[in-house]
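K.L.:
In the order they appear, the protein sequences are chains A and B.
Counting in this note's numbering, the first sequence runs without a single skipped number right up to 1573 at its last residue.
Counting in this note's numbering, the second sequence runs without a single skipped number right up to 404 at its last residue.
This is the structure, below, for whatever I ask next.
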Amino acid sequence: HPLHPAARAGKMSMDRIQKYLEDFYHLEKNGKQFVRRKDSNPVVAKIQDMQRFFGLKVTGNLDDDTMEMMKKPRCGFPDVSP
Amino acid sequence: FRLFPYMPKWKKNEVTYRIVNYTADMNQIDTDAAIERALKVWSDVTPLTFHRLREGEADIMISFAVQEHGDFIPFDGPGGVLGHAYPPGPKINGDVHLDDDEKWTKDTTGVNLFLVAAHEFGHSLGLFHSTDTKALMYPIYNANTDLTRFFLSQDDIAGIQSLYGSPDGPVPPTKSADTEKPEEKPVTCDSNRSFDAVSTLRGEMLFFKDRYFWRKSSNNIEPALYMLTTFWPSLPSGFDAVYELTTKDMVFIFKESKFWSIKGSDIQPGYPRDIYTLGFPRTVKKIDAAFFYKEKQKTYFFVNDIYWRYDEKRHSMDHGYPRQIATDFPGVNQKIDAAFEAFGFFYFFSGSTQFQFDPNAKRVTRTLKSNSWFNC
């Protein structure tokens, strides 16, 4: 398996990343997202949604561009409809 | 641009707003001015007007708040989220909340109130976030925006006008709007309706006339009328011919001896080009009509009573052209204004008459009114 995306989150806390994906990409708020799950990984899917919206390389990983975008001041409304 | 699901919008043009409280970061006069200027961004390009209330319930209630403020979507302190707003509708809908943990300013030394408020008002009027980085409705705050020359992007204008239409008066000057007086809006169901050009575009049909065009999509009975400048502000009006190259998601627009290539509302770099680069002789000064026939990968160009056939794979004119239109399209004997291919038929428009031509039977199968697509 490649390193779990969250493991490379660097400076931004896991909570903040999760909250970003919950607030703007409707990641389900059930707290256990970052637990590695064999079947599917909603976090990766939501990271990909975000990367697609911002025209970033769609990797599903929290690479630098993605982290930089998450830190930028922005509007509090979601980017995609539920 | 994108709209909210079910496209909520204000069912009236007079929208009220109220500044419920003020931030301590700015004096109230500057806050008032920033809010008014932010609303004017949208009233300039729509028929909407904004009337300020000093008490009671307004459509758009504007308030500053910190952390949890009663809508279960708490703010997050300095940075991060700057504000949020709700789509059109009763009570909290339409309202704008601004995070007072930000340092609000009338310039860009802090978070510019005008810029954020203008974005949030876009939500209050029915716009969702845009992926266009130049659009006001792009979700990321751009501190480098030149506030002295702020103008909405075409994406923003197209979005808001798809909900409310353009202002009844003339559209306020944008960078490249012509200074001519806008002629009367064309009447959709005029029995003498003729067109400058007709084309498909991503499954819709576009009917061009002077500075306007109708968009007809399969899920709307009636067409919607737009100004060309809504989508293509830098193009001249009065197109001669337009065709969609469906295999490349491109539309080519012809006017006199020039043509442009567009993708959606973006003009491709390197255009306009001369029509002579396609292989036309210099005697041709303009194209009357054009359409792409996907089945054969050929584009047909009509000029007066003759036509050329262009091979979209070889990117050159076919040999043995031009040919007489009446020879190969018997029954199409009049000068053609516009043409397009749909459902396996060729449709030729001449004045207020439209000919449906079956390329297999090689004959005109129906004669219709040019605006028969508008369900008048």
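Built from N, CA and C at the ideal position, the CB exists for glycine as well.
Keep in mind the model is a prediction, meaning the values are calculated, not measured.
#1: Are B:L31 and B:L155 closer than 8 Å when you measure CB to CB?
#2: Name the chain A residues whose beta carbon is nearer than 8 Å to that of B:P167?
#3: So which residues of chain A does B:F156 contact, with C-beta pairs closer than 9 Å?
#4: Along chain A, which residues have their Cβ under 8 Å away from the Cβ of B:T159?
#5: Mapping the DSSP letters down to three states, classify B:S190 as helix, strand or coil.
#6: State the Cα-Cα distance for the pair A:R1507 and B:T133, rounded to the nearest angstrom.
#7: Return helix, strand or coil for B:A205, following the three-state DSSP convention.
#8: Residues in the segment 361-387 of chain B with C-beta within 9 Å of chain A's C-beta atoms, listed in sequence order?
#9: Leaving out the 5 sequence neighbours to the left and right, which residues in its chain are closer than 6 Å to B:S245 when beta-carbon positions are compared?
#10: For A:K1548, is the classification buried or exposed, using 16 other Cβ atoms within 10 angstroms of its Cβ as the cut-off for buried?
#11: For my contact list, B:V279 and B:A366 are in at a C-beta cut-off of 8 Å; report their separation, rounded to the angstrom.
#12: Find the nearest neighbour of B:I303 within the set B:F320, B:F329, B:S71, B:E323, judged by alpha-carbon distance.
#13: Measuring straight from C-alpha to C-alpha, what distance separates B:S190 and B:W70?
#14: Which of helix, strand or coil does DSSP assign to B:Y45?
#15: In its own chain, which residues sit with a C-beta less than 6 Å from the C-beta of B:P116, not counting the 5 before and 5 after it?
#16: What residue range is occupied by the uninterrupted beta strand (DSSP E) comprising B:V124?
#17: Using three-state DSSP, classify B:K68 as helix, strand or coil.
#18: Between which residues of its own chain and B:N361 is the CB-CB distance below 7 Å, once the five residues before and five after are set aside?
#19: Report the rounded CA-to-CA distance for B:S380 versus B:F223, giving the unit in angstroms.
#20: On the three-state DSSP scale, how would you describe A:V1549?
#21: Counting only Cβ pairs nearer than 7 Å, list the residues of chain A close to B:L164.
#22: Measure the C-alpha to C-alpha separation of B:D53 and B:P297 and round it to an integer number of angstroms.
#23: So, with DSSP's three-state summary, where would you put B:F179?
#24: List the residues of chain A whose Cβ lies closer than 7 Å to the Cβ of B:I101, in chain order.
#25: Within a Cβ cutoff of 6 Å, which residues of the same chain sit near B:F92, ignoring the five residues on either side of it in sequence?
#26: Rank A:R1543, A:T1550, A:D1555 by C-alpha distance to the C-alpha of A:D1570 and give the top, closest one.
#27: Check this for me: beta carbons of B:I88 and B:Y34, under 8 Å apart or not?
#28: Give a yes or no on whether 8 Å exceeds the smallest Cβ distance from B:F178 to chain A.
#29: Can you name, in chain order, every residue of its own chain whose Cβ lies under 7 Å from the Cβ of B:N403, other than the five neighbours on each side?
#30: Please decide whether B:R97 counts as near chain A, where near means a Cβ-Cβ distance under 8 Å.
#31: Are the beta-carbon atoms belonging to A:R1565 and B:V109 less than 8 Å from one another?
P.N.:
Concretely, from the data shown:
#1: Start at 1 with the first residue of the second sequence, and residue 31 of chain B comes out as number 3. Start at 1 with the first residue of the second sequence, and residue 155 of chain B comes out as number 127. Against a cut-off of 8 Å, the Cβ pair of B:L155 and B:L31 comes out as a contact.
#2: Counting from one through the second sequence, the residue named residue 167 of chain B turns up at place 139. Simply F1515, R1565, C1566, F1568, D1570.
#3: Within the second sequence, numbered from 1, the residue matching residue 156 of chain B stands at position 128. Ordered by position in chain A, the residues that pass the 9 Å Cβ test against B:F156 are F1568, P1569, D1570, V1571, S1572.
#4: Taking the second sequence and counting its residues from 1, the one referred to as residue 159 of chain B is at position 131. Result: F1544, F1545, G1546.
#5: To locate residue 190 of chain B, count along the second sequence from 1; it is residue 162. Of the three classes helix, strand and coil, the one that applies to B:S190 here is helix, per DSSP.
#6: For the purposes of this step, residue 1507 of chain A is taken as residue 16 along the first sequence, with counting starting at 1. For the purposes of this step, residue 133 of chain B is taken as residue 105 along the second sequence, with counting starting at 1. Cα to Cα, the separation comes out at about 27 Å.
#7: Counting from 1 along the second sequence, the entry for residue 205 of chain B is found at position 177. Its pLDDT being 36, under 50, B:A205 is placed unreliably by the model, and the measurement read from it follows with that caveat. B:A205 falls in the coil class under three-state DSSP.
#8: none
#9: Stepping through the second sequence from its first residue, residue 245 of chain B is reached at position 217. Answer for B:S245: E232, listed in chain order.
#10: What you label residue 1548 of chain A is simply residue 57 of the first sequence in a count that begins at 1. So A:K1548 counts as exposed.
#11: The sequence position of residue 279 of chain B within the second sequence is 251, counting from 1. The sequence position of residue 366 of chain B within the second sequence is 338, counting from 1. Between B:A366 and B:V279 the Cβ distance is about 14 Å, and since that is not below 8 Å, they are no contact.
#12: Taking the second sequence and counting its residues from 1, the one referred to as residue 303 of chain B is at position 275. Looking at the Cα atoms, B:F329 is the closest of the given residues.
#13: Residue numbering aside, residue 190 of chain B sits at position 162 when the second sequence is read from its first letter. Residue numbering aside, residue 70 of chain B sits at position 42 when the second sequence is read from its first letter. So the alpha carbons of these two residues sit roughly 13 Å apart.
#14: Reading the second sequence from its first residue, position 17 is the one you call residue 45 of chain B. B:Y45 falls in the strand class under three-state DSSP.
#15: Along the second sequence, read from residue 1 onward, the residue named residue 116 of chain B stands at position 88. Hits under 6 Å: P36, K37, W38, G122, G154.
#16: In the second sequence, residue 124 of chain B corresponds to position 96, counting from 1. Element bounds for B:V124: 124-127.
#17: By one-based count along the second sequence, residue 68 of chain B stands at place 40. B:K68 falls in the helix class under three-state DSSP.
#18: For the purposes of this step, residue 361 of chain B is taken as residue 333 along the second sequence, with counting starting at 1. If we look at B:N361 and ignore the five residues flanking it on each side, its Cβ neighbours are A354.
#19: Your numbering for residue 380 of chain B matches position 352 in the second sequence. Your numbering for residue 223 of chain B matches position 195 in the second sequence. Roughly 8 Å between the two C-alpha positions.
#20: Mapped onto the first sequence, residue 1549 of chain A falls at position 58. Coil, per DSSP.
#21: Locating residue 164 of chain B in the second sequence gives position 136, counting from the first residue. Per Cβ cutoff of 7 Å: no residues; B:L164 is ~10 Å from chain A at best.
#22: Looking up residue 53 of chain B in the second sequence gives position 25. Looking up residue 297 of chain B in the second sequence gives position 269. If you take the alpha carbons of B:D53 and B:P297, they lie about 44 Å apart.
#23: For this step, residue 179 of chain B is matched to residue 151 along the second sequence. Of the three classes helix, strand and coil, the one that applies to B:F179 here is coil, per DSSP.
#24: Mapped onto the second sequence, residue 101 of chain B falls at position 73. Those within 7 Å of B:I101 in chain A are G1567.
#25: The count along the second sequence starts at 1 and reaches residue 92 of chain B at position 64. Counting only Cβ-Cβ distances below 6 Å, and skipping sequence neighbours, we find N49, T51, L126, D128.
#26: What you label residue 1570 of chain A is simply residue 79 of the first sequence in a count that begins at 1. Closest option to A:D1570, Cα to Cα, is A:R1543.
#27: Sequence index remark: in the second sequence, residue 88 of chain B carries index 60 (1-based). Sequence index remark: in the second sequence, residue 34 of chain B carries index 6 (1-based). It is not a contact, given that the beta carbons lie outside the stated cut-off.
#28: As a working mapping, residue 178 of chain B is identified with position 150 in the second sequence. No - not a single Cβ of chain A is within 8 Å of the one on B:F178.
#29: Sequence index remark: in the second sequence, residue 403 of chain B carries index 375 (1-based). Excluding positions up to five away in sequence, the list reads I249, E250.
#30: Locating residue 97 of chain B in the second sequence gives position 69, where the first residue counts as 1. Here residue 97 of chain B is His; the residue named in the question, Arg, does not match the sequence. B:H97 does not count as touching chain A.
#31: On the first sequence, position 74 is the one that residue 1565 of chain A refers to. On the second sequence, position 81 is the one that residue 109 of chain B refers to. Yes.
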